[in-house]
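As structure tokens, the structure follows; a few thoughts come after it.
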Amino acid sequence: MLDSLLDELPLSGEVCRPGRLLAAMRHAALGGSKRLRPFLLIEVARLFDRDDEGVLRAGAALECVHCYSLVHDDLPAMDDDDIRRGRPTVHRAFDEATAVLAGDALLTFAFDILADPATDEDAELRAGLTLDLARASGLGGMAGGQMLDLLGSAVSSEEEDIRRLQSMKTGALIRFATRAGARMSGGNDGDITRLTRFGEIAGLAFQLADDLLDVVGDAEALGKATGKDAVLGKATLVELNGVEWTQKTLSDLVEEADALLDSYGERAAILRQTARFIAERHS
């Protein structure tokens, strides 16, 4: 879906798609990736028997936001990374100005995709999804979390503050994924509440596993540098509570995720496996 959406042919209302900018966007969005966020959105929608192009488009929109955040996060002014997913980061493969514009264009394109009637014929649903994604991505969500992360321990190294930061920087988009999947497929209020909580758990587990891998993981397997949190003096729950606590907490989160999905029986088998994968991953 992303491949076809990031085609060289301009859409109605576009004048042209500059080749270098498009190439940078494709480098960011089509490289090796787990596609976790769109995967969760799609699998939650399938839980309620919706599996169509509109859901794939919503997942692509979400992935555009995620990829934009990585392009900007890798810039010298932020985390200054040279490698992402085992390949040169966008500002290394192209240049810094192109990377900034590629991130800007990916973020903007996400809302273009969501607002298009091809995603869903229900304009009210499209507007709701657009609002949810904007808030998950912006000041009080991912971008705000990235700001707190840049400030690091200069803001706070208290556990409550670290959890708040991580629920914004990492958790907001994952929470959006599961909530959007339930909304798009007609889940009732109880379903939306349960699956939003499932997304919160998945987001926390993902960040805990990520921070654990930064301490004990292998850089080659991860496709990015390790040990950066310690070098930069960033406070994490792993640094605060230790490796054993982190491993126990990840196990507890998997159990809670399982319990949330009990009422869906075997239909939720893939989501159960995904929660375990997030918590136990090695890359």
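Under my numbering, the letters of the sequence shown match residues 45 to 327, in that order. A virtual CB, placed ideally from N, CA and C, is assigned to each residue, including glycine.
For residue i, which three-state DSSP category applies?
i	result
alanine 64	The sequence shown places arginine at residue 64, not alanine. Helix at arginine 64.
proline 132	strand
arginine 70	helix
tryptophan 289	helix
lysine 268	Reliability of the predicted coordinates at lysine 268 is poor, the pLDDT of 47 falling under 50, and the value obtained from them is presented with this limitation in mind. Here lysine 268 sits in coil by DSSP.
Measuring CA to CA, which of the options is closest to residue i?
i	options	result
leucine 177	Glu165, Gln291, Arg219 and Ala68	Arg219
glutamate 299	Leu85, Thr237 and Ala249	Ala249
valine 259	Leu194, Val287, Ala312 and Arg316	Val287
leucine 46	Ala89, Val59, Asp96 and Glu107	Glu107
valine 331	Glu140, Met69, Arg64 and Asp124	The structure shown does not extend to residue 331, since the chain is modelled only from 45 to 327, so the question has no answer here.
aspartate 193	Met212, Gly243 and Pro62	Met212
glycine 182	Pro161, Ala162, Asp160 and Gly215	Gly215
glutamate 204	Gly147, Arg170 and Leu284	Leu284
arginine 136	Pro82, Leu151, Val115 and Leu294	Val115
serine 327	Leu49, Asp296, Ser77 and Arg207	Ser77
Are the CB atoms of residue j and residue i within a distance shorter than 7 Å?
i	j	result
threonine 222	leucine 239	yes
glycine 231	aspartate 164	no
threonine 142	phenylalanine 155	no
alanine 73	cysteine 111	yes
methionine 191	leucine 217	no
arginine 101	serine 229	no
alanine 319	alanine 301	yes
glycine 34	isoleucine 127	There is simply no residue 34 to check, as the chain begins at 45 and stops at 327 in what is shown.
Excluding sequence positions up to five away, which residues of its chain have a Cβ less than 7 Å from the Cβ of residue i?
i	result
alanine 312	Leu91 and Leu305
isoleucine 236	Arg223, Ala226 and Arg227
arginine 325	Ala253
alanine 149	Leu65 and Met69
arginine 179	Gly185
aspartate 123	Asp117
leucine 158	Ala102, Ala105, Arg170, Leu173, Thr174 and Leu177
tyrosine 308	Leu91
Pull up the CB-CB distance for residue i and residue j, whole angstroms please, since I reckon it's below 8 Å.
i	j	result
histidine 71	valine 144	Contact flag wrong, Cβ pair sits at about 14 Å.
glycine 196	arginine 129	Contact doesn't hold; Cβ gap of about 24 Å is too wide.
In chain order, what residues of the same chain lie with their CB nearer than 8 Å to the CB of residue i, ignoring the 5 residues before and after it?
i	result
isoleucine 322	Leu80, Ala246, Ala249, Phe250 and Ala253
glutamate 52	Arg61, Gly63 and Leu66
valine 59	none
In its own chain, which residues sit with a C-beta less than 6 Å from the C-beta of residue i, not counting the 5 before and 5 after it?
i	result
phenylalanine 138	Ala68
glycine 188	Met212
serine 56	none
threonine 290	Leu252, Leu256 and Val282
proline 82	Gly103, Leu106 and Glu107
Regarding residue i and the ligand HEM, is the C-beta to nearest heavy atom distance less than 6 Å?
i	result
glycine 196	The ligand HEM is not part of the structure shown, which contains no ligands of any sort.
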